[in-house]
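Enquirer: Next up is a structure, given as structure tokens.
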Amino acid sequence: MAVNVEHAKTVAGWFADSELETLATLAQGRNVIVEIGSWEGRSACAMAANSNATIFCVDAWIEHPQGGFEATLETFAKFRDNTRRYPKVIPIVGESVRVADAMHRVGIFKADMVFIDASHDFDSVSADIRSWWTLINWGGVLCGHDYGDPNWPGVKQAVDMRFGGQVEVSDSIWMVKK
Ligand SMILES: C[S@@+](CC[C@H](N)C(=O)[O-])C[C@H]1O[C@@H](n2cnc3c(N)ncnc32)[C@H](O)[C@@H]1O
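When we follow this note's numbering, the leftmost residue of the sequence shown carries the number 754, and every step to the right adds one.
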């Protein structure tokens, strides 16, 4: 089905337009999506404009420089402004692994898509994959940004080490079906 990413294109961030379309297509038909690393909401808007899913956006945001992305209170305010038109976008302010741990402990949460775009070093991506994989329903998808980007070699290393030949790639978006 065709996607509309016109609004997402107006939001600041690192996603190429064609990648917004890939992510929007992946989001179609989902019920519960988790995004790890939202910044000002560019990728979240692409998903929200093309899906009826509830989208939980997990980001450390306020005053917590993370992995070279120094999100602040102003970044969070822009995220809120940019996503205001999408009532099913729900921010969760917190560190990815800690939020996943809490979700595990309450034991009632499963997503059918998790998109990882937080800290891009090998250890962080590995930890995000480990923490969120078990929170995905069978038939769902785990995916992420910047696979193969020479600036972030740890992304590909972490994904390949965990999933090897199961990985599909479109632009710099990697995905694995569960
Ligand atoms: C590349 S930006 C996200 C870009 C966003 N997906 C977009 O398309 O506009 C990375 C974000 O991840 C957040 N972040 C980094 N490490 C994190 C962690 N361990 N837990 C939660 N958020 C994290 C940063 O605060 C930053 O906002």
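Ideal placement from N, C-alpha and C gives every residue a C-beta, glycine not left out.
From Ile-869 to Gly-907, what does the alpha carbon distance come to, in whole angstroms?
Expert: By 1-based counting over the sequence shown, the position of residue 869 is 116. By 1-based counting over the sequence shown, the position of residue 907 is 154. If you take the alpha carbons of Ile-869 and Gly-907, they lie about 13 Å apart.
Enquirer: Mind checking whether the beta-carbon of Val-912 lies closer than 7 Å to any heavy atom of ligand 1?
Expert: Numbered from 1 along the sequence shown, position 159 holds the residue referred to as residue 912. Checking the Cβ of Val-912 against ligand 1 gives no.
Enquirer: Helix, strand or coil: how does DSSP classify Pro-840 here?
Expert: Counting from one through the sequence shown, the residue named residue 840 turns up at place 87. Three-state DSSP puts Pro-840 in coil, outside helix and strand.
Enquirer: Looking at ligand 1, does it come within less than 7 Å of Phe-875, judged from the CB to the closest heavy atom?
Expert: Sequence index remark: in the sequence shown, residue 875 carries index 122 (1-based). No, Cβ of Phe-875 sits at least 7 Å from all heavy atoms of ligand 1.
Enquirer: Is Ala-797 closer than 8 Å to Ala-777 when the C-beta atoms are compared?
Expert: Start at 1 with the first residue of the sequence shown, and residue 777 comes out as number 24. Start at 1 with the first residue of the sequence shown, and residue 797 comes out as number 44. Not in contact: Ala-777 and Ala-797 (Cβ atoms no closer than 8 Å).
Enquirer: List the DSSP bridge partners of Leu-895.
Expert: Here the question's residue 895 lines up with position 142 in the sequence shown. Bridge partners of Leu-895: Val-867, Val-929.
Enquirer: Is it true that the stretch 881-890 meets the stretch 781-793, where meeting means three or more beta-carbon pairs spaced less than 8 Å apart?
Expert: Cβ pair count under 8 Å is three or more, so yes.
Enquirer: In or out: Val-859 buried (at least 16 other Cβ within 10 Å) or exposed?
Expert: Here residue 859 corresponds to residue number 106 of the sequence shown, with the count starting at 1. Exposed: under 16 other Cβ atoms inside 10 Å.
Enquirer: So what does DSSP say about Thr-887, is it helix, strand or coil?
Expert: As a position in the sequence shown, residue 887 is number 134, starting the count at 1. Here Thr-887 sits in coil by DSSP.
Enquirer: Nearest to Tyr-839 by alpha carbon, out of Ala-801, Ile-845, Thr-775, Trp-886?
Expert: In the sequence shown, residue 839 corresponds to position 86, counting from 1. Of the candidates Ala-801, Ile-845, Thr-775, Trp-886, the one whose C-alpha sits nearest the C-alpha of Tyr-839 is Ala-801.
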